[in-house]
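Sequential numbering from 47 applies to the sequence shown in my numbering.
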Amino acid sequence: MGLTQIAASILASVLVGALTRGAWRTYSLLALSALAVYWFQPVVPLRSFDFWFPSLSLALVVLVWFITSGPGAGKEKQNLIGLFIILGIVTLVDLSRYILPTPILTATTPPQFIQYIAFLAATILLILILTLLPHRSLITLSIAAALLVAILVILKSPALSLQASIILRTLTNRPIETASALDLRWLGISYIAFRLIHVLRDKQTGRLPELSLPEFATYVVFFPSLSAGPIDRAERFVKDLRNEFTLTQNETLMAGQRIVIGLFKKFVVADALALIALNDALATQVHSPGWMWVHLYAYTFQIYFDFSGYTDIALGIGRLVGIKLPENFLTPYTKPNLAQFWNSWHITLTQWIRSYFFNPFNRWIRGFKSLPAWTMILLGQLATMIIIGLWHGITWNFILWGAWHGLGLFLQNRWSDFTKTRFNPVNPRLQTALQVGGILLTFHFVALGWVFFALSDPSLSQIVFVKLFGL
47 MGLTQIAASI LASVLVGALT RGAWRTYSLL ALSALAVYWF QPVVPLRSFD FWFPSLSLAL
107 VVLVWFITSG PGAGKEKQNL IGLFIILGIV TLVDLSRYIL PTPILTATTP PQFIQYIAFL
167 AATILLILIL TLLPHRSLIT LSIAAALLVA ILVILKSPAL SLQASIILRT LTNRPIETAS
227 ALDLRWLGIS YIAFRLIHVL RDKQTGRLPE LSLPEFATYV VFFPSLSAGP IDRAERFVKD
287 LRNEFTLTQN ETLMAGQRIV IGLFKKFVVA DALALIALND ALATQVHSPG WMWVHLYAYT
347 FQIYFDFSGY TDIALGIGRL VGIKLPENFL TPYTKPNLAQ FWNSWHITLT QWIRSYFFNP
407 FNRWIRGFKS LPAWTMILLG QLATMIIIGL WHGITWNFIL WGAWHGLGLF LQNRWSDFTK
467 TRFNPVNPRL QTALQVGGIL LTFHFVALGW VFFALSDPSL SQIVFVKLFG L
């Protein structure tokens, strides 16, 4: 979100928080969130895809709701109203090409109405097919989850994204010579997909509460957390949505304080640090170990202030409408070990991966009785952290970044077990020294890991490591 979008979001949230109650608050938030899906979507070189990507996001939301809702839910009044709101907004955005001289919500002109009608017909046909399938079907839920994973794999893989761009350019009569993996910039899909997979998985296990379409759609595309998280849980989010809320002076002040802190972090500190933060160009241009450390430290703090700043803004705006989104960062660089770092960095992503990958993986691997315990721990830590790396992008550097943290967590686990019964200092000064030493060691381990994250190629990472240590 840019400053204009943030300002508009704050104003709209104040109005919703102050003027709406009950179901009207939910309907208002759904409408705002559906509009934001289009407005926040960045321009892409593919013709009209700043309309198609948001429309596909909303279509996925509706489809997954139909899969996970109870029989007959589609005929309930509140769900029909929710469907009407979503359909009405998508239709109005497309019709704006005929009404407005220039686009307002999309960066480029929406597609012709006949193309939108074809898209709508295909979506309705798919919904009708889904209504014929047995609800709570394990196969249906699994296919939907696999489809979402496939979308992420295509979008996160530069090679697959490039091929998809070539295909789409061919279908839309665009030159394929300028095709790029960056053509497929689908706003918020990483967060949308994980929220939808969470819902599908909880439906399979019987933990998902009944959600109306307006509640469900608002949860998935809630505009403050659309572009940068956090990844809330459906039952927690909907509990806030259903609670009666009145925007008081105290709530406004607390929300405003959080927003101001976030704005300062993101647009003052992070943007200033970005000027000297480590990047591909600096990796080859800088030769002094001292300056390379400066650039690495700048990136280390820039990524924290950028990401946590956006989170503060999201939490503040959410609070204006009575939605208390979960914390995502709790002073991660002050933690004395790597496990505590990951319990305070991108907390909701870590919790999601723990619930839907790490715990099931550990239960599965324990079935191999012949494997030593340390091997199971190593495989679990490596697999989990590599998955987190791949969520950011399917490249070698993200794999190396994940493996770096997976190996670090394994070594910390082994060291903690080794020292637990052998070394327990009672001297307060020694305890303080060990605490400070742990913080410094953890911070620099994380900072060195950012080398893989900041750069695009393993060869550049190798160059930076050589320069950092003056080799």
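Using N, Cα and C, we set each Cβ at its ideal position, and we do this for glycine too.
8 Å Cβ shell around residue i - same chain, five flanking residues per side excluded
{"i": "glycine 234", "result": "Val83, Phe86, Ser103, Val267, Leu272 and Ser273"}
{"i": "alanine 225", "result": "Leu208, Ser211, Ile212 and Arg215"}
{"i": "valine 332", "result": "Met338, His341 and Lys513"}
{"i": "proline 149", "result": "Ser142, Arg143, Thr155 and Pro156"}
{"i": "phenylalanine 444", "result": "Gly435, Leu436, His438, Phe498 and Phe499"}
{"i": "isoleucine 200", "result": "Leu206, Ser207, Ala210 and Leu230"}
Helix, strand or coil at residue i according to DSSP, with G and I counted as helix
{"i": "phenylalanine 268", "result": "coil"}
{"i": "methionine 431", "result": "helix"}
{"i": "threonine 154", "result": "coil"}
{"i": "lysine 381", "result": "coil"}
{"i": "methionine 338", "result": "helix"}
{"i": "histidine 392", "result": "coil"}
{"i": "arginine 400", "result": "helix"}
{"i": "arginine 409", "result": "helix"}
{"i": "valine 195", "result": "helix"}
{"i": "tryptophan 232", "result": "coil"}
{"i": "glutamate 223", "result": "helix"}
{"i": "serine 273", "result": "coil"}
{"i": "isoleucine 349", "result": "helix"}
{"i": "serine 183", "result": "coil"}
{"i": "valine 510", "result": "helix"}
{"i": "glycine 439", "result": "coil"}
{"i": "threonine 148", "result": "coil"}
Local Cβ density within 10 Å of residue i, reported as buried at 16 or more and exposed below that
{"i": "glutamine 458", "result": "buried"}
{"i": "lysine 249", "result": "buried"}
{"i": "lysine 415", "result": "exposed"}
{"i": "valine 306", "result": "exposed"}
{"i": "aspartate 326", "result": "exposed"}
{"i": "serine 507", "result": "buried"}
{"i": "alanine 64", "result": "exposed"}
{"i": "valine 89", "result": "exposed"}
{"i": "arginine 304", "result": "buried"}
{"i": "arginine 550", "result": "The shown model of the chain, from 47 to 517, leaves out residue 550, and the question about it has no answer."}
{"i": "aspartate 463", "result": "exposed"}
{"i": "asparagine 296", "result": "exposed"}
{"i": "phenylalanine 283", "result": "buried"}
{"i": "arginine 409", "result": "exposed"}
{"i": "arginine 475", "result": "exposed"}
{"i": "leucine 417", "result": "exposed"}
Cβ shell of residue i (< 7 Å), same chain only, five flanking positions each side left out
{"i": "glutamine 124", "result": "Ala69, Ser258 and Pro260"}
{"i": "glutamine 481", "result": "Pro382"}
{"i": "tryptophan 442", "result": "Pro504"}
{"i": "glutamine 51", "result": "Trp85 and Phe86"}
Host alpha helix (DSSP H) of residue i (start-end)
{"i": "isoleucine 304", "result": "According to the sequence displayed, residue 304 carries arginine and not isoleucine. Taken as a continuous stretch (DSSP letters only), the alpha helix (DSSP H) holding arginine 304 covers 295 to 310."}
{"i": "valine 367", "result": "Note, valine 367: premise wrong, no alpha helix (DSSP H); not H, not E."}
{"i": "arginine 215", "result": "204 to 217"}
{"i": "histidine 244", "result": "235 to 251"}
{"i": "glycine 68", "result": "68 to 85"}
{"i": "glutamate 281", "result": "280 to 288"}
{"i": "threonine 330", "result": "326 to 331"}
{"i": "alanine 53", "result": "49 to 65"}
{"i": "proline 100", "result": "95 to 114"}
{"i": "isoleucine 131", "result": "123 to 145"}
{"i": "isoleucine 160", "result": "159 to 178"}
Nonlocal neighbours in the same chain, by C-beta distance under 6 Å from residue i, ignoring five residues either side
{"i": "glycine 516", "result": "Pro335"}
{"i": "methionine 521", "result": "The shown model of the chain, from 47 to 517, leaves out residue 521, and the question about it has no answer."}
{"i": "alanine 191", "result": "Ile243 and Leu246"}
{"i": "alanine 344", "result": "Leu319, Ile322 and Ala323"}
Below-8 Å beta-carbon distance, residue i vs any chain D residue
{"i": "arginine 143", "result": "In the displayed structure, chain D is absent; only one protein chain is listed."}
Alpha helix (DSSP H) segments (min. 4 residues) lying fully within the region 445 to 507: The region 445 to 507 contains these whole alpha helix (DSSP H) runs: 474 to 500.
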